[in-house]
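Q:
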Amino acid sequence: MKTRRRFVGLMAALIVVSMSINGFGPKALAQDENPFPVSIAFLNAMTSQSEVDVFIDGAGKSERQIEGLPYGEVSELYEGSAPVTGIVVKQNRQFGIDRWLFNTILPTEAGRSYLVVISDFVITPVQINNVPVSGDMALARVIHASAQSPVVDILVDDVVAFEGLRYGLATDAGELAAGTYNLKLNASGTDTTAIEVDGVEIEAGMLYAFVAIGTPGSADQPLEIVVASTSAMVAAEEAPEAEASPTS
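Number 340 in the numbering used here belongs to position 139 of the sequence shown; there are no gaps in the numbering.
(1) Between which two residues does the beta strand (DSSP E) containing Thr305 stretch?
(2) Please return the same chain residues whose Cβ sits closer than 8 Å to the Cβ of Ala346, not counting the five positions on each side in sequence.
(3) Report the three-state DSSP secondary structure of Leu244 (helix, strand or coil).
(4) Assign Arg313 to one of two classes, buried (16 or more other C-beta atoms within 10 Å of its C-beta) or exposed (fewer than that).
(5) Quick check on this structure: which residue in Gln292, Ser240 and Ala410 has the alpha carbon closest to the alpha carbon of Val285?
(6) What are the residues that DSSP puts in a beta bridge with Tyr382?
(7) Can you tell me whether DSSP reads Val352 as helix, strand or coil?
(8) Determine whether the beta carbon atoms of Thr381 and Gly400 lie at a separation below 7 Å.
(9) Roughly how many angstroms separate the alpha carbons of Val289 and Thr305, rounded to a whole number?
(10) Apply the 10 Å Cβ neighbour rule to Ala341 and answer buried if 16 or more other Cβ atoms are within range, or exposed otherwise.
(11) Excluding the 5 residues preceding and the 5 following Tyr403 in the sequence, name in chain order all residues of the same chain whose CB lies nearer than 8 Å to its CB.
(12) Which of the three DSSP states is assigned to Glu376 in this structure?
(13) With a Cβ-Cβ cutoff of 7 Å, do Ser389 and Val361 count as a contact?
(14) Measure from the alpha carbon of Leu316 to the alpha carbon of each residue in Glu310, Thr309, Val323 and Val327, then state which is nearest.
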């Protein structure tokens, strides 16, 4: 039961059977210029856009950091700014025309890393390195980015571990023991099973962001989990949990 209680950081993302894994690293991050950079990776979860362009701290040509981020993929890390980072998302330019999709400002703390999930109606930023990890543990948090999916409860080995995750929201980050887990998705408040996922493997010392994307019943963009994973960055001191709130 102890392991199950710790598993809350993972539970709520398992809305699908298929899983794709994306690693993200600091290849695009110019850390030599700033010893405490704000590091941001992006995930395109917009079912209406096969590709998006992302601008950081501006909307001009020089601020276009990502061009053509495909649906369902996680970018490398890019550098933002503290205490806030401006994010503009546009449709991948066609015939020289940019269509604006989102224009927002995110609170971002120096020296921290974030995953910004771009979905159909909201942008959900989550901090990805705010809890130290030790021993045989891993870190995980999950994001519900499937606009047409219902509120869900998650069961681990047939025990309810998380209730009521809604679209556009994320769970807190939490530790869980390395191992293999069997999970089940029920419509919230019912015992009706929509999906069972067996054999989810978690490695020690890793950080996972599990993101549910897609459209129920779609053949082209089915419900799936995108897993962004990287080595967990151990903080010298435990930082307070950053709230994850959707931004339109």
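Glycine included, C-beta positions come from ideal geometry on N, C-alpha and C.
Being a predicted model, the structure only gives us computed values, none of them experimental.
A: Taking the geometry as given:
(1) Trp301 to Pro308
(2) Leu244, Ala246, Val318, Ser320, Thr325, Tyr368, Gly369, Val412, Ala413 and Ile414
(3) In the structure shown, Leu244 sits in a strand (DSSP, three-state: E or B).
(4) By the 10 Å Cβ count, Arg313 comes out buried.
(5) Ser240
(6) Val401
(7) coil
(8) yes
(9) 6 Å
(10) buried
(11) As written in the sequence, residue 403 is Ile, which differs from the Tyr given in the question. Residues of the same chain with a CB within less than 8 Å of the CB of Ile403, apart from the 5 flanking positions on each side, are Leu211, Ala339, Ala341, Leu377, Ala378, Ala379, Gly380, Thr381, Tyr382 and Tyr409 in chain order.
(12) Glu376: strand per DSSP, three-state reduction.
(13) no
(14) Val327
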